[in-house]
Amino acid sequence: MKRLYLLLGLLLLVLLLLPLVLDKYALGIFVMIFFYAYLGQSWNVLTGFTGHISLGHALYVGIGAYVSTFLAQKFGLSPWLGMLAGGVLATLVALSLGFLGFRFGLRGVYFVILTISCAEIARLVVSHIDAVGSFSGIFLDFKPGLANFQFRGNLPYYYISLGFMVLGSLAVHLLARSRTGRLMVAIREDEQAALALGVNTFKYSMTTIGISAFMTSLAGTFYANYVYYLSPNSMFGMGLSIDLILRPIIGGLGTVLGPIIGSFVLTPLSEVSRAYFAKGGLEGMHLVLYGVLAILVVLFMRQGILVYIKRALKPLLKLED
Amino acid sequence: MGQKKSEGKEVSRRAFLKTCGAAGLGAMAISFGVPTLLKAQPKPIKIGSIQPATGPLAVIGQGQRRGNQMAVDFINAKGGIKSLGGAKLELVLGDSETKSEVGRSEADRLIKEGAVVLVGAFESGTGMAVATLAEQRGLPFLVDVATLDDITQKGYKYTFRIFPTSTAFAQRGTDFIKEIMAAKKLSPKRAVVTYVGDAFGKTQGGFFIKHFKAANTGIEIVEEISYPLGIPDLSGEVAKIKAAKPDLLFPICRPGDSMILTRELYKQRVELLGIISPGSPGWYEPSVVRDLDKLALYVMDNVPWINPASPVYQEANKLFEQKYKAYLDTNTGWAYTGVLVIADALERAASIDPDKIVAAFKATNFKDHPMVGDAVQFAPNGDNKNATTAMVQVLPEADPLKRVKVVLPQKFAQAKLVFPAPQLWDRG
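Protein chains in written order, with numbering that gives the first Met the number 0: chain A, 0 to 320; chain B, 0 to 427.
The structure is reproduced here in structure tokens:
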């Protein structure tokens, strides 16, 4: 294990130094890699560890993005603080959603439907609130500055998103090793058995969904101040909900490194193939490629790519199991 | 594809020898002084085009790319940018997938690939994301199509727009309606506005209603009906329209629902003086005109249409028809115009320095474009001062491809407008 940490430390060092040799566009790709890795990690906390499948995580991204942006535009509050406000609101929403789901024992597809419908309700509600631009969304003002979470170049975004990814993963790692983390896994493996052994599954499920929503919403603020445009469809829509779960699924569900590896595979793949096929005049081909890869991984690497990487590196890293 | 692959990075010995041989021959040819022109040819100037080539707006996005590309070909055929030694234009393609963040990332890629100007983005969200990026990178961005006012209201120095804003649409639409009623000496009292409930419909509808109510036309909007995009049936909505007993219907649609709406109006026999769209797709597309046939007749639509009398339009449209079997319409027409305006600015800037291009944009006075409206001139906020719309009407003509005609303003009119329209069921 020591060697694994050493390797990860080395990789982190490389990532920290990478901007020295990258141009703005390449930095942008890495920003998206880190962004989606972090989002995947946040979702992974809930679904990967406790097994409660959420297909509506865009809800929390949207809350984070809209709350911090609204507060910044109306009251001039720094998005760094607005981000926390968004996090608190997202947590409250997640807890009430979780209460409905866990208290009444919704499992499997029923819980999935609950998460989807809450995100859809939020999308429709936000679409009709004029204060946040209703259907047409919010266009952010561009005021570069650290306090405003806005920058001219991609470099600050690079380090911020890298920080998100590393700290998020570290938090999940610590959580996974804690007692709570082990109980979360117990819930995933067999909720009834865990219950029978006296585990308060309701409490731990609620804790997890709260953490997951809080983490997810922070990414929303980042997105808002990186892309400068929010719309109900892009922030609360089904598309984002699915986009953000693909990385952990491809990388390895319920593992700390899975979302990161998934993002390092999928994000550059979509960027590079889009650029490549655009030149050949084959619009949309990159989406086909993306879909085929996702299908192949799900068919042939059910536990995600991480397992294979681990196996390959086993002798080198002296990993147990 | 196969060809593309052979251009990959791997170099085998054989390929290496071949290349060396070819280069040697080439060098010999040059040293003998034959193609000295090759040496003099300046580097092409890259224009980055960001359009929604995939995703829900794919069909339109690909049309936009064609519009951009056709204009690039046109400029190149005329000898490129003369003030830069006849440099050719080259369109580098970006695909926003109809997603703002993808549009942003694509714009960054195009800049990396050497684009000196960006053009796009059809959808306002992407337009905004790219406008902000252009500001961050200090590179000019020309919005060819996108209506939301906000894009040019952020005080950005590098963003210019040739297309009318939502406000301009609402004003022109209202003015045209007043003009038609005055000309025909009619004073209708009641109108219904319908709009599709997506970002475009809601904004376009909202702006129009606000403006129309403030404009004191004597016509009251008695009902506002909104319905979701992709609705399969509008019988309930049309029943509501009928109950409101309007004289006029002002619909804002997408191509699908415009057909459902018209058929349902026919079925329920809703009596109207006419259907006038304040500015939306769904009425002028060849497929709609052909499929609705007689039911599509006499509908009017307020759009920034092509100028039928313009020689630039006639030339471009001929090529467009030959190449893509479609006519230049409001969207592709502006995509075409966008690149022409960029070429004009480059010509006057005689430089690819971003700030010089921006200065040239500011001094733009571009008359030779294929659309209605006077010369393209930019206001301080970057909007085209002379961006305007025309009222088009679908009129009886044997060939469905020739039915959409400009009827207002008089200056551009191809035909006399017909109003009030015969009822939908009275058309033989």
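Ideal Cβ positions, reconstructed from N, Cα and C, are used throughout, including at glycine.
The alpha helix (DSSP H) that contains A:Val125, what's its start and end?
The residue labelled residue 125 of chain A in the question sits at position 126 within the first sequence. Note, A:Val125: alpha helix (DSSP H), 108 to 126.
Give the straight-line distance between the Cα atoms of A:Phe69 and A:Phe138, rounded to the nearest whole angstrom.
As a working mapping, residue 69 of chain A is identified with position 70 in the first sequence. As a working mapping, residue 138 of chain A is identified with position 139 in the first sequence. Computed Cα separation, rounded: 11 Å.
Using beta carbons (cut-off 8 Å, strictly below), is B:Arg65 in contact with chain A?
In the second sequence, residue 65 of chain B corresponds to position 66, counting from 1. Cβ-Cβ to chain A under 8 Å: no for B:Arg65.
What does the Cβ neighbour count give for B:Pro310, buried or exposed, with the cut at 16 atoms within 10 Å?
The count along the second sequence starts at 1 and reaches residue 310 of chain B at position 311. Exposed, by the Cβ-count rule.
I want to see whether chain B comes within less than 8 Å of A:Thr215, judged by CB atoms only; does it?
Translated into the one-based positions of the first sequence, residue 215 of chain A becomes position 216. Judged by the 8 Å Cβ criterion, A:Thr215 is not in contact with chain B.
Just curious, the alpha helix (DSSP H) that A:Gly132 is in, first and last residue?
For the purposes of this step, residue 132 of chain A is identified with residue 133 of the first sequence, where counting begins at 1. Taken as a continuous stretch (DSSP letters only), A:Gly132 belongs to no alpha helix (DSSP H), as it is neither H nor E.
Is there a C-beta anywhere in chain B that falls below 8 Å from the one on A:Arg151?
In the first sequence, residue 151 of chain A corresponds to position 152, counting from 1. Judged by the 8 Å Cβ criterion, A:Arg151 is in contact with chain B.
What beta strand (DSSP E) runs, 3 residues minimum, are completely inside the stretch 370 to 398 of chain B?
389 to 393
To the nearest angstrom, how far is it from the Cα of B:Ile356 to the Cα of B:Lys42?
In the second sequence, counting from the first residue as 1, residue 356 of chain B sits at position 357. In the second sequence, counting from the first residue as 1, residue 42 of chain B sits at position 43. Rounded to whole angstroms, B:Ile356 to B:Lys42 spans 17 Å at the Cα level.
CB contact flag (B:Thr125, B:Ser95, <8 Å):
Looking up residue 125 of chain B in the second sequence gives position 126. Looking up residue 95 of chain B in the second sequence gives position 96. Yes, Cβ-Cβ distance for B:Thr125 and B:Ser95 is below 8 Å.
Just how far apart, CA to CA, sit B:Glu222 and B:Val191?
By one-based count along the second sequence, residue 222 of chain B stands at place 223. By one-based count along the second sequence, residue 191 of chain B stands at place 192. One C-alpha to the other measures close to 5 Å.
Express the C-alpha separation of B:Phe207 and A:Phe276 in angstroms, rounding to a whole number.
Within the first sequence, the letter at position 277 stands for residue 276 of chain A. Within the second sequence, the letter at position 208 stands for residue 207 of chain B. About 40 Å.
In the DSSP assignment, find the beta strand (DSSP E) that holds B:Asn186 and state where it starts and stops.
As a first step, residue 186 of chain B is located in the second sequence; it is residue number 187 there, counting from the start. Rather than Asn, the amino acid found at residue 186 of chain B in this sequence is Ser. Segment: none, B:Ser186 is in no beta strand (DSSP E) and carries neither H nor E.
Contact set for B:Met27: own chain, Cβ-Cβ below 6 Å, skip 5 residues either direction
As a position in the second sequence, residue 27 of chain B is number 28, starting the count at 1. Because B:Met27 carries a pLDDT of 44, less than 50, the predicted location of this residue cannot be relied on, and the following value inherits that uncertainty. Excluding sequence neighbours, B:Met27 sits near nothing in its chain.
Should B:Thr336 be flagged as near chain A, meaning a C-beta pair shorter than 8 Å?
What you label residue 336 of chain B is simply residue 337 of the second sequence in a count that begins at 1. For B:Thr336, the answer is no, since every Cβ of chain A falls outside 8 Å of its Cβ.
On a Cα-Cα basis, can you pick out the residue from B:Ala348, B:Gly154, B:Leu247 that is closest to B:Ile218?
Here residue 218 of chain B refers to the residue found at position 219 when the second sequence is read from its first residue. Comparing Cα-Cα distances from B:Ile218 to each of B:Ala348, B:Gly154, B:Leu247, the minimum goes to B:Leu247.
Is the CB of A:Val226 under 8 Å away from at least one CB in chain B?
For the purposes of this step, residue 226 of chain A is identified with residue 227 of the first sequence, where counting begins at 1. Judged by the 8 Å Cβ criterion, A:Val226 is in contact with chain B.
What's the gap between the Cα of B:Ser30 and the Cα of B:Lys87?
Here residue 30 of chain B refers to the residue found at position 31 when the second sequence is read from its first residue. Here residue 87 of chain B refers to the residue found at position 88 when the second sequence is read from its first residue. Any reading at B:Ser30 is ruled out, since the residue's pLDDT is 43, under 50, leaving its predicted position unreliable.
For B:Ile275 and B:Val287, the rounded distance between their alpha carbons:
By 1-based counting over the second sequence, the position of residue 287 of chain B is 288. By 1-based counting over the second sequence, the position of residue 275 of chain B is 276. When rounded, the distance between both Cα atoms is 16 Å.
Taking 8 Å as the threshold (C-beta atoms), are B:Tyr335 and B:Ala315 in contact?
Stepping through the second sequence from its first residue, residue 315 of chain B is reached at position 316. Stepping through the second sequence from its first residue, residue 335 of chain B is reached at position 336. The answer is yes: Cβ separation under 8 Å.
At a Cβ threshold of 8 Å, is B:Ile356 touching chain A?
Here residue 356 of chain B refers to the residue found at position 357 of the second sequence. No, its Cβ sits nowhere closer than 8 Å to a Cβ of chain A.
With a Cβ-Cβ cutoff of 8 Å, do A:Gly238 and A:Gly303 count as a contact?
Here residue 238 of chain A refers to the residue found at position 239 when the first sequence is read from its first residue. Here residue 303 of chain A refers to the residue found at position 304 when the first sequence is read from its first residue. No.
Got a sec: is the Cβ-Cβ distance from A:Phe148 to anything in chain B below 8 Å?
In the first sequence, residue 148 of chain A corresponds to position 149, counting from 1. For A:Phe148, the answer is no, since every Cβ of chain B falls outside 8 Å of its Cβ.
Can you give the beta carbon distance from B:Thr53 to A:Leu286, rounded, assuming they're within the 8 Å contact cut?
Position 54 of the second sequence, counted from the start, is the residue given in the question as residue 53 of chain B. Position 287 of the first sequence, counted from the start, is the residue given in the question as residue 286 of chain A. The pair is a contact, with the Cβ atoms about 6 Å apart (cut-off 8 Å).
Between A:Phe33 and the rest of its own chain, which residues show a CB-CB distance below 7 Å, the 5 nearest in sequence each way excluded?
For the purposes of this step, residue 33 of chain A is taken as residue 34 along the first sequence, with counting starting at 1. These residues qualify, in order along the chain: Ser160, Leu161, Phe163, Met164.
Tell me, please, whether the stretch 288 to 305 of chain B touches the stretch 374 to 390 of chain B by the rule of three or more beta-carbon pairs shorter than 8 Å.
yes
Would you report the Cα separation of A:Gly136 and A:Met31, rounded to the nearest angstrom?
Here the question's residue 136 of chain A lines up with position 137 in the first sequence. Here the question's residue 31 of chain A lines up with position 32 in the first sequence. Cα to Cα, A:Gly136 sits roughly 22 Å from A:Met31.
When you compare the CB positions of B:Asp232 and B:Ile259, do they come within less than 8 Å of one another, or not?
Looking up residue 232 of chain B in the second sequence gives position 233. Looking up residue 259 of chain B in the second sequence gives position 260. In contact: B:Asp232 and B:Ile259 (Cβ atoms closer than 8 Å).
Does the distance from the CB of A:Leu268 to the CB of A:Leu292 come in under 8 Å?
Within the first sequence, numbered from 1, the residue matching residue 268 of chain A stands at position 269. Within the first sequence, numbered from 1, the residue matching residue 292 of chain A stands at position 293. For A:Leu268 and A:Leu292, yes; Cβs fall inside 8 Å.
Note down, in chain order, every chain A residue with its Cβ under 7 Å from the Cβ of B:Ala167.
For the purposes of this step, residue 167 of chain B is taken as residue 168 along the second sequence, with counting starting at 1. Near B:Ala167 there are no residues of chain A at all, since even the closest Cβ is about 16 Å away, more than 7 Å.
B:Phe249 in three-state terms, based on DSSP:
Locating residue 249 of chain B in the second sequence gives position 250, counting from the first residue. The answer is strand: DSSP assigns B:Phe249 an E or B state.
Alpha helix (DSSP H) segment containing B:Val311, residue limits:
The residue you call residue 311 of chain B lines up with position 312 of the second sequence. It spans 310 to 323 - the alpha helix (DSSP H) in which B:Val311 sits, taken as one unbroken run.
Who does B:Ile224 pair with in a DSSP beta bridge?
Residue numbering aside, residue 224 of chain B sits at position 225 when the second sequence is read from its first letter. Paired residue(s): B:Thr193.
Go ahead and pull the three-state DSSP assignment for A:Leu21.
Taking the first sequence and counting its residues from 1, the one referred to as residue 21 of chain A is at position 22. Three-state DSSP puts A:Leu21 in coil, outside helix and strand.
To which residues does DSSP link B:Ser48 through a beta bridge?
As a first step, residue 48 of chain B is located in the second sequence; it is residue number 49 there, counting from the start. Per DSSP, B:Leu92, B:Val118.
Tell me which residues share the same chain as A:Gly86 and place their Cβ nearer than 7 Å to its Cβ, disregarding the 5 neighbours each side in the sequence.
Taking the first sequence and counting its residues from 1, the one referred to as residue 86 of chain A is at position 87. The residues are Gly63, Phe213, Ser216, Leu217.
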